[in-house]
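Peer 1:
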Amino acid sequence: MRKITIVGLGAGDLDQLPLGVYKKLKSAEHLFLRTKEHPAVLDLEAEGMSYQSFDEVYEQQESFEAVYEEISEQLLEMSGKTAVTYAVPGHPLVAEQTVQLLISKGPERGVEVEITGGQSFLDAVFQALAIDPIDGFQLLDGTAFKRDQVQLLQHTLIGQVYDSFVASNVKLTLMEKLPDDYEVFIVTAAGSSGENIKKVPLFELDRQVELNNLTSVYVPPVKDETILNKEFFKLREIISVLRGPKGCPWDKKQTHSSLKKYLIEEAYELIEAINSDDIDHMIEELGDVLLQVMLHAQIGEDEGFFNIADIIDVLSEKMIRRHPHVFGTAEANDVDAVMKNWQEIKREEKGNVARESLLDGVSKGQPNIMRAYELQKAAAKVGFDWKEVGPMWEKVKEEIEEFTEEAEKTDNSEKQHDEFGDLLFALVNVARFYNIQPEEALLRANSKFTRRFRYVEAKVNKSNRDFSGHTLEQLDAYWDEAKQMGM
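Residue numbering for the sequence shown follows the numbering used here, beginning at 10 and increasing consecutively.
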């Protein structure tokens with residue numbers, strides 16, 4: 010059976026190489042190195058060892074993934090012609106993607122892959138930095154580094170920081186979570202005679218030293234609470250404390266029911282911030298909406314029914330399930346196709362259970378103007394709708410007349426409520442024709458009224474007369490000034 014023997018060159022120079030590994034290298038019929046840039050290789054060369062390295066592959070390929078694929082393929086092909094010994098820096102099973110590819114592909118290609126010893130560079134790094142990984146440690150790949158991999162409370166070592174391009178990517182990714190001047194360590198050739206450790210501010214990571222394949226970046230655990238405040242786990246911890254035995258009396262007494270009104274208020278304040286195009290206000294109000302979600306999640310956890318992880322899990326599954334055109338093989342080239350898929354998937358999720366009415370799917374918990382909009386939209390799906398706006402306006406006029414008639418009566422308040430409701434319902438229908446969300450339109454009107462009335466108040470105060478000292482015509486003149494000023 011064809012065979013590839015993989016050995017590790019360790020983290021340092023030849024003096025640290027285990028005897029067994031040394032013998033395998035010396036006796037190898039055909040020795041291949043992932044890279045010749047290693048402290049032990051110079052000494053082995055001096056002893057007359059011959060080899061072939063794959064350094065030129067790094068220059069030929071555009072990505073590290075392609076490099077690793079090319080190396081593994083060449084080795085598998087070579088194994089059909091001769092006995093292959095493949096040497097990699099450190100230990101073969103630590104941060105060596107080519108080895109993982111060989112382990113995966115070998116059996117499928119009839120190639121036995123044997124892993125022998127080698128000292129991991131981790132031991133040398135732990136010693137060089139004098140850190141104990143029991144405190145919490147993670148090893149990440151600099152060539153495939155992502156922001157959400159980083160656990161700020163742990164010792165973080167980022168390996169395979171080969172060059173300034175990788176270092177720059179690592180720097181920019183870390184700066185999404187850490188201050189620009191956060192101190193990190195560049196560790197090069199740990200455990201060898203050329204060992205070098207340099208502490209630098211994060212923003213200088215990619216321009217302080219010459220990087221090579223023996224370079225790693227060490228990020229110490231974060232102890233500054235102001236940095237941790239950006240992390241989701243910290244928010245969850247804060248809410249838990251607020252609801253805990255020594256927490257806030259107000260937070261501890263809240264229930265799902267008592268919080269309903271606050272969720273509605275915060276949602277409307279967010280909409281106001283969006284309408285005002287006020288980014289800072291949006292950030293604050295989005296935080297307030299998130300606070301409501303976190304409080305409900307903590308109440309659920311306190312009562313033993315659910316927690317925030319359950320909420321995220323259900324949401325993630327739903328988003329993947331309802332977007333097969335993104336996460337699956339379905340196709341949807343426009344919004345109409347997406348919505349059609351969405352509705353079909355919703356029906357499947359509910360087991361295609363027939364409702365007594367098409368209107369059963371319209372939530373009763375919405376503000377009534379919003380619910381009127383959704384009721385009309387549901388009915389329109391089966392054709393119960395005017396195709397043109399003309400009849401809608403006629404209906405509005407009809408309802409105005411009916412309400413006017415009832416409003417002139419003083420002894421039929423219930424009927425007045427009915428007719429006024431019909432008038433609002435008819436106006437919602439007109440709004441729907443023009444794709445206007447009536448609830449949002451009313452919010453805008455309220456905001457506009459507030460701005461203009463505050464202007465009127467300011468003018469009244471400036472006049473040194475109160476409202477009773479003004480005629481309605483004078484107040485209207487102030488109002489018109491506000492209107493002309495674009496308020």
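Cβ coordinates follow ideal geometry from the N, Cα and C atoms, glycine included. It should be emphasised that the depicted structure is a prediction, and the values quoted were computed from it without experimental measurement.
Which residues in the same chain as Cys257 place their Cβ atom closer than 6 Å to its Cβ, once the five residues preceding and following it in sequence are excluded?
Peer 2: Result list for Cys257: Leu251, in chain order.
Peer 1: Among residues of its own chain, excluding the 5 on either side of Ile378, which ones have a beta-carbon nearer than 8 Å to its beta-carbon?
Peer 2: Here the set comprises Leu433, Val437, Pro447, Glu448, Leu451.
Peer 1: Who are Ile317's beta bridge partners in DSSP?
Peer 2: Answer is none; Ile317 lacks a bridge partner.
Peer 1: Kindly provide the ranges of any alpha helix (DSSP H) runs that are 4 or more residues long and lie completely inside the region 212–237, ordered along the chain.
Peer 2: 234–237, all fully within the region 212–237.
Peer 1: For a quick check, are the C-beta atoms of Asp297 and Glu275 less than 7 Å apart?
Peer 2: Contact: yes.
Peer 1: Ignoring anything shorter than 3 residues, give me the beta strand (DSSP E) runs that lie fully in the region 113–149, in order along the chain.
Peer 2: Taking only runs of at least 3 residues, the beta strand (DSSP E) segments lying wholly in the region 113–149 are 120–124.
Peer 1: Could you tell me which of Glu79, Gln307, Tyr191, Asp345 sits nearest to Val228, measuring between CA atoms?
Peer 2: For Val228, the nearest C-alpha among the options comes from Tyr191.
Peer 1: Taking Cβ positions, are Lys35 and Val16 nearer each other than 7 Å?
Peer 2: Taking 7 Å as the Cβ cut-off, Lys35 and Val16 do not qualify as a contacting pair.
Peer 1: Taking the alpha-carbon positions, what's the Tyr95 to Lys355 distance?
Peer 2: For Tyr95 and Lys355, the distance between alpha carbons rounds to 54 Å.
Peer 1: Return the chain-ordered list of same chain residues with a C-beta closer than 7 Å to the C-beta of Arg498, the five sequence neighbours on each side being excluded.
Peer 2: In the structure as shown, the chain begins at 10 and stops at 496. Residue 498 is therefore absent and cannot be evaluated.
Peer 1: Check whether the Cβ atoms of His47 and Pro98 sit closer than 7 Å, and answer yes or no.
Peer 2: Taking 7 Å as the Cβ cut-off, His47 and Pro98 qualify as a contacting pair.
Peer 1: How long is the line joining the alpha carbons of Gln25 and Asp132, rounded to whole angstroms?
Peer 2: If you take the alpha carbons of Gln25 and Asp132, they lie about 12 Å apart.
Peer 1: Based on Cα-Cα distance, which residue from Ile112, Leu304, Phe442 lies nearest to Glu82?
Peer 2: It is Ile112.
Peer 1: Can you check DSSP and say which residues form a bridge with Phe336?
Peer 2: According to DSSP, which records beta bridges pairwise, Phe336 is partnered with nothing at all.
Peer 1: Tell me, please, which residues DSSP counts as bridged to Gly478.
Peer 2: Looking at the DSSP assignment, Gly478 forms no beta bridge with any residue, so it has no partner.
Peer 1: Mind checking Val122: buried by the 16 CB within 10 Å criterion, or exposed?
Peer 2: Buried, because 16 or more other Cβ atoms sit within 10 Å of the Cβ of Val122.
Peer 1: With DSSP collapsed to three states, give me the class of Tyr382.
Peer 2: Correct three-state label for Tyr382: helix.
Peer 1: Which residue marks the beginning of the beta strand (DSSP E) containing Ala96, and which one marks its end?
Peer 2: It spans 93–97 - the beta strand (DSSP E) in which Ala96 sits, taken as one unbroken run.
Peer 1: So if DSSP puts Asn350 in a beta bridge, which residue, or which two residues, is it bridged to?
Peer 2: Its beta-bridge partners do not exist; DSSP assigns none.
Peer 1: Excluding the 5 residues preceding and the 5 following Val66 in the sequence, name in chain order all residues of the same chain whose CB lies nearer than 7 Å to its CB.
Peer 2: Here the set comprises Val76, Glu79, Ile80.
Peer 1: Give the range of the alpha helix (DSSP H) segment to which Val439 is assigned.
Peer 2: That run of the alpha helix (DSSP H) goes 422–442.
Peer 1: Please state whether DSSP places Lys255 in a helix, a strand or coil.
Peer 2: Here Lys255 sits in coil by DSSP.
Peer 1: Under the DSSP definition of a beta bridge, which residues are partnered with Ile13?
Peer 2: DSSP lists Val93, Val122 as partners of Ile13.
Peer 1: Where do the N-terminal and C-terminal ends of the beta strand (DSSP E) with Gly168 fall, by residue?
Peer 2: Looking at the DSSP string, the run of the beta strand (DSSP E) that includes Gly168 is 164–168.
Peer 1: Restricting to Cα atoms, I'd like to know which of Met291, Gln307, Glu281 is closest to Lys262.
Peer 2: Nearest of Met291, Gln307, Glu281 to Lys262, Cα basis: Gln307.
Peer 1: Measuring alpha carbon to alpha carbon, tell me which residue in Ala467, Ser59, Ala20, Ile13 is nearest Val93.
Peer 2: Answer by Cα proximity: Ile13.
Peer 1: Could you give the residue range of the alpha helix (DSSP H) that holds Glu192?
Peer 2: Here Glu192 belongs to no alpha helix (DSSP H); instead the beta strand (DSSP E) covers 192–197.
Peer 1: Val371 and Glu353 - do their beta-carbons sit closer together than 7 Å?
Peer 2: Contact flag unset, no.
Peer 1: Applying the criterion that 16 or more other CB atoms from any shown protein chain within 10 Å of the CB defines a buried residue, is Glu408 buried or exposed?
Peer 2: By the 10 Å Cβ count, Glu408 comes out buried.
Peer 1: If you draw a straight line from the alpha carbon of Leu214 to that of Val196, how long is it in whole angstroms?
Peer 2: Roughly 11 Å between the two C-alpha positions.
Peer 1: Helix, strand or coil for Asn342 per DSSP?
Peer 2: Coil.
Peer 1: Is the beta carbon of Arg118 less than 7 Å from the beta carbon of Leu84?
Peer 2: No, the pair does not count as a contact, with Cβ atoms beyond the cut-off.
Peer 1: Where are the alpha helix (DSSP H) runs, 4 residues long or more, that stay fully inside the region 256–317, in chain order?
Peer 2: For the region 256–317, whole alpha helix (DSSP H) runs of length 4 or above, ordered along the chain, are 258–262, 269–284, 288–311.
Peer 1: Ignore the nearest five residues each way along the sequence and tell me which others in Met87's own chain have a CB closer than 8 Å to its CB.
Peer 2: The residues are His39, Phe41, Val93.
Peer 1: Return helix, strand or coil for Ser72, following the three-state DSSP convention.
Peer 2: Residue state, collapsed to three classes: coil.
Peer 1: Which of helix, strand or coil does DSSP assign to Ser81?
Peer 2: Here Ser81 sits in helix by DSSP.
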